[in-house]
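Numbering (UniProt numbering), first residue to last: 1 to 228.
Here is the structure we will look at, set down as structure tokens.
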């Protein structure tokens, strides 16, 4: 899976494992007087985590929640759509965040909900695949664009060890290796590099750290600096 689009992803990376790290009172604290929350889940795979995140956001009574899950794999999106228990509030689209048509499509979705940006964007274990396939420039562009259109960003970035493992897996399976791996300047301390870039170039600050998953990946919430 060159882009991390594993067909059985949630069998070995349970969605509940991520959600259990999030505080119960987050929605109330983050959006005191907001009655509608619009969220984006990037790299949603077959949608199990998207549904868990929707339930998490709706745990606060009286809040109208809409979640859009996107993934570049059409087969995964089809599965997510078929198993969607909340079709009126949770939607899925086959979109590649690195494609030029992605942002206009997302803005059209937001416009229908009378919003100009997402209240929160979820990005779980996506950064490595963008980095490996699109290099430092691609990753930085992704971070800038994503942060521009959201008030909060909940990010789980893969460590450099994950990059090495992904590269070895491609070699072992006899597939073409990631051309960008050896040329990446954001490498050994990639998680810290991403944090520094978001804080330095993307107009966001670390709002809260929620610890690490069983895969030793840090879950960090960023908040837009101009967002009250």
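For every residue, glycine included, the Cβ atom is placed at its ideal position computed from N, Cα and C.
In the DSSP assignment, the residues bridged to residue 121 are 40 and 153.
The count of Cβ pairs closer than 8 angstroms, one atom from the segment 86–93 and one from the segment 39–56, reaches three, so the stretches are in contact.
Here residue 121 is near residue 150, since their CB atoms are less than 7 angstroms apart. Using a Cβ-Cβ distance cut-off of 8 angstroms, the segment 30–48 and the segment 104–124 are in contact, since at least three pairs of beta carbons, one from each stretch, lie closer than that value. According to the DSSP assignment, residue 66 belongs to the beta strand (DSSP E) that extends over 64–71. Contact between the segment 17–32 and the segment 59–71 is present: three or more C-beta pairs spanning the two stretches fall below 8 angstroms. By the Cβ criterion, the segment 130–148 is in contact with the segment 98–117, since at least three pairs of Cβ atoms, one from each stretch, lie closer than 8 angstroms. Here the alpha carbons of residue 85 and residue 76 stand approximately 16 angstroms from one another. Residue 135 counts as buried, since no fewer than 16 other beta carbons sit within 10 angstroms of its beta carbon. For residue 219, there is no enclosing alpha helix (DSSP H); the residue is part of the beta strand (DSSP E) that begins and ends at 218–224.
Here the alpha carbon of residue 118 sits roughly 17 angstroms from the alpha carbon of residue 71.
The Cβ atoms of residue 209 and residue 220 sit closer than 7 angstroms to each other. The beta carbon of residue 46 is closer than 6 angstroms to those of 76, 79 and 80 in its chain, skipping five residues each way along the sequence. In the three-state scheme derived from DSSP, where H, G and I count as helix and E and B as strand, residue 35 is classed as coil. Counting of Cβ neighbours within 10 angstroms places residue 192 among the exposed residues, the total staying below 16. In this structure, residue 197 keeps its C-beta atom at 7 angstroms or more from the C-beta atom of residue 223.
In the same chain as residue 74, and ignoring 5 residues on each side of it, the C-beta atoms closer than 6 angstroms to its own belong to 94, in chain order. Scanning its chain for C-beta atoms nearer than 6 angstroms, with the 5 sequence neighbours on each side dropped, one finds around residue 36 the residues 64, in chain order. According to the DSSP assignment, residue 91 belongs to the beta strand (DSSP E) that extends over 90–94. C-alpha of residue 152 to C-alpha of residue 146: approximately 10 angstroms in a straight line.
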